[in-house]
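Note that the sequence shown ends on residue 164 in this note's numbering; no numbers are left out. Note that beta-carbon positions come from the ideal geometry of N, C-alpha and C, so glycine has one too. Worksheet: one structure, shown below.
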Amino acid sequence: MKKNSKLNKAISWDDYFMGLAKLSALRSKDPSTQVGACIVNRQNHIIGMGYNGMPNGEDELFPWESNSSDEKDNKYPYVMHAEVNAILNTSVMLQNSNATIYTSLFPCSNCAKIIVQSQIKELVYEDDKYHDTKDAEISRYILETGKVKVRKHKTSVEFTLNFPKNDF
């Protein structure tokens, strides 16, 4: 039986997956840094891909500047890293589920980005102690732009949790 010479010319798995990551990076609208990611399992099956970009919504509503003196006018507090997008793309997305997240503290900008990327439709929070910070302002903008309904919860019942002692 004659050997097929094309088998010896196949690129390595490392080159293949790195090539896909680089191809994914081309989807990024970031003018200065384009990053892509590709996640594979042990069987060399692709289970997630992503690139750096803004939270779901309108890319044009977020700044792409990286040198502004005002943090909220820089891309850094808004941009989702390629690795995070790839990880999020590996799990079952929550789209069309009208999911709600309950949190005791209003989310930081990093968590707000993940909430929007996960397509969670509503955020219910209790405490907003960082309300007057730049990061909270950025979080509110991300959630608003991502069309996440945000509402403050006022607890109407007082309760106490008692955890059993571990005897090790």
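Check                                                                                                                                                                                           : Outcome
For residue 42, name the three-state secondary structure that DSSP assigns.                                                                                                                     : strand
Looking at C-beta atoms only, is the number of pairs between the region 33 to 41 and the region 53 to 67 that lie closer than 8 Å three or more?                                                : no
Would DSSP call residue 136 helix, strand or coil?                                                                                                                                              : helix
Going by DSSP, what residues sit across from residue 76 in a beta bridge?                                                                                                                       : 49
Relative to the C-alpha of residue 99, which residue among 140, 141, 76, 151 is closest?                                                                                                        : 151
In terms of residue numbering, what span does the alpha helix (DSSP H) encompassing residue 16 cover?                                                                                           : 9 to 21
Identify, in the order they occur along the chain, each residue of the same chain with its Cβ nearer than 6 Å to the Cβ of residue 46, setting aside the five sequence neighbours on each side. : 33, 78, 81, 82, 85
Indicate whether residue 102 and residue 126 have their beta-carbon atoms separated by less than 8 Å.                                                                                           : yes
For residue 120 and residue 112, what's the separation of their Cα atoms in angstroms?                                                                                                          : 14 Å
Report, in whole angstroms, the separation of the C-beta atoms of residue 144 and residue 110, which I expect to be a contact under 8 Å.                                                        : So it is not a contact: roughly 11 Å between Cβ atoms.
Just how far apart, CA to CA, sit residue 44 and residue 134?                                                                                                                                   : 28 Å
Grouping DSSP H, G and I as helix and E and B as strand, with all else coil, what is residue 118?                                                                                               : strand
Between which two residues does the alpha helix (DSSP H) holding residue 65 run?                                                                                                                : Counting along the chain, residue 65 falls outside any alpha helix (DSSP H), and DSSP gives it neither H nor E.
Spatial neighbours of residue 97 within its chain, please: C-beta separation below 8 Å, excluding the five flanking residues on both sides.                                                     : 111, 116, 118, 119, 120
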